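Chemist:
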Amino acid sequence: MVKRRTGQIICHFCKREGHYQKDCPKRKAWFEKKGTFNVYVCFESNLSEVPSNTWWLDSGATTHVSNMMQGFLTIQSIDPSKNFLFMGNRMKAPIEGIGTYRVVLDSGCNLDLFQTLYVPSLSKNLVSLSKLDAKGFMFKGGNGCFNLYNKDDCFIGSAIIVDGLYKLKLDVDFSASLMCIHQNIGIKRSLANENSAYLWHKRLGHVSKERLVKNEIRYRI
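For the sequence shown, the positions run 1 to 221 when the UniProt record's numbering is used.
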């Protein structure tokens, strides 16, 4: 949904004024004609190629989407012939699974994305802002930066704007492990340990390793 200068709303689907996309009669008729069982929607362009180990914030996605299986904590296979993801250009992509995906941010915090769709044909991994909002997350943005906070107003992580879209800042080891696995199918590599000294070094403002050991710091998100 967008607004013209007059304040009149415009439907993203049919481009006509006077109603939201979710209430669009043409959109509902189109879905019924397609005969889909479960339908999910995202609006970010699927045409541009980006590294497979990157994650992007999407204000138009109805749920989180991953194009790789690596990173899922749990995943359940579903029938791709009855479950589709529809893009803004009206193209559809089959959904092959659904589960909980763990993203490790550069702050050292884990961001568990529940009900994440596994869609191998999608060019981008997407985080649904509406899903995060429903879970109590808060957002603050400006000057090309977008910050995420949990329901207790604690900083979780951030994203930077790249080519008009916000890209999540991921933990270096986590990002590298995804790229390594993606390029070398069948090779298993463990993700960053959430209690590792490296992550706590980053969380606590780059304190010394000796201080971490002395205080026996342990933490879990």
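All C-beta atoms, glycine included, are put in the ideal place defined by N, C-alpha and C.
Keep in mind that this is a model prediction, so the values were computed, not measured.
Evaluate residue 249 with the Cβ neighbour count: other Cβ atoms within 10 Å of its Cβ, from every protein chain shown; 16 or more gives buried, anything less gives exposed.
Modeler: This structure gives no information on residue 249, because the portion of the chain shown stretches from 1 to 221.
Chemist: Determine the DSSP secondary structure at residue 222, reduced to helix, strand or coil.
Modeler: For residue 222 there is no data in the structure shown, the boundaries of the chain being 1 and 221.
Chemist: For Val65, write down the residues that DSSP places opposite it in a beta bridge.
Modeler: Leu117, Leu126
Chemist: Quick one: Cα of Val162 to Cα of Leu168, how far?
Modeler: 10 Å
Chemist: Apart from the five residues just before and just after Gly157, which ones in its own chain have a Cβ nearer than 8 Å to its Cβ?
Modeler: Leu105, Asp106, Ser107, Cys109, Leu111, Asn147, Leu148, Leu168, Lys169
Chemist: Let me check one thing: in DSSP terms, what residues is Asn110 bridge-paired to?
Modeler: Val104
Chemist: Which of the three DSSP states, helix, strand or coil, is assigned to Phe86?
Modeler: In the structure shown, Phe86 sits in a strand (DSSP, three-state: E or B).
Chemist: How is Ser175 classed by DSSP in three states: helix, strand or coil?
Modeler: helix
Chemist: Going by DSSP, what residues sit across from Asp133 in a beta bridge?
Modeler: Partner(s): none; Asp133 has no beta bridge.
Chemist: Out of Arg27, Ile9, Met68, state which residue places its alpha-carbon closest to the alpha-carbon of Ser177.
Modeler: Met68
Chemist: With DSSP run on the structure shown, which of helix, strand or coil describes Asn76?
Modeler: Strictly speaking, residue 76 in this sequence is Gln, with Asn absent from that position. In the structure shown, Gln76 sits in a strand (DSSP, three-state: E or B).
Chemist: Measuring straight from C-alpha to C-alpha, what distance separates residue 222 and Lys140?
Modeler: A question about residue 222 goes unanswered here, because the residues of the chain that appear run from 1 up to 221.
Chemist: In whole angstroms, give me the CA-to-CA distance for Glu96 and Leu117.
Modeler: 8 Å
Chemist: Closer than 8 Å by C-beta to Leu73: which residues in its own chain qualify, once you throw out the five before and the five after it? Chain order, please.
Modeler: Gly99, Thr100, Tyr101, Arg102, Asp112
Chemist: Using only CA atoms, which one of Phe174, Phe84, Cys11 lies nearest to Pro120?
Modeler: Distance check between Pro120 and each of Phe174, Phe84, Cys11 places Phe84 closest, using alpha-carbon atoms only.
Chemist: Give the secondary structure of Lys26 by DSSP, where H, G and I count as helix, E and B as strand, and everything else as coil.
Modeler: helix
Chemist: Give me, in chain order, the residues of the same chain whose beta-carbon lies closer than 6 Å to that of Lys151; leave out the 5 immediate sequence neighbours on both sides.
Modeler: Gly136
Chemist: For Met87 and Lys15, what's the separation of their Cα atoms in angstroms?
Modeler: 15 Å
Chemist: For the beta strand (DSSP E) that contains Gly164, what are its first and last residues?
Modeler: That residue, Gly164, is in no beta strand (DSSP E); it is neither H nor E in DSSP.
Chemist: With 16 as the cutoff for other CB atoms within 10 Å, does Phe155 come out buried or exposed?
Modeler: Exposed.
Chemist: Based on Cα-Cα distance, which residue from Pro51, Asp173, Ile75, Lys131 lies nearest to Leu122?
Modeler: Pro51
Chemist: Measuring alpha carbon to alpha carbon, tell me which of Phe13, Gly18, His19, Tyr40 ends up nearest Arg27.
Modeler: Phe13
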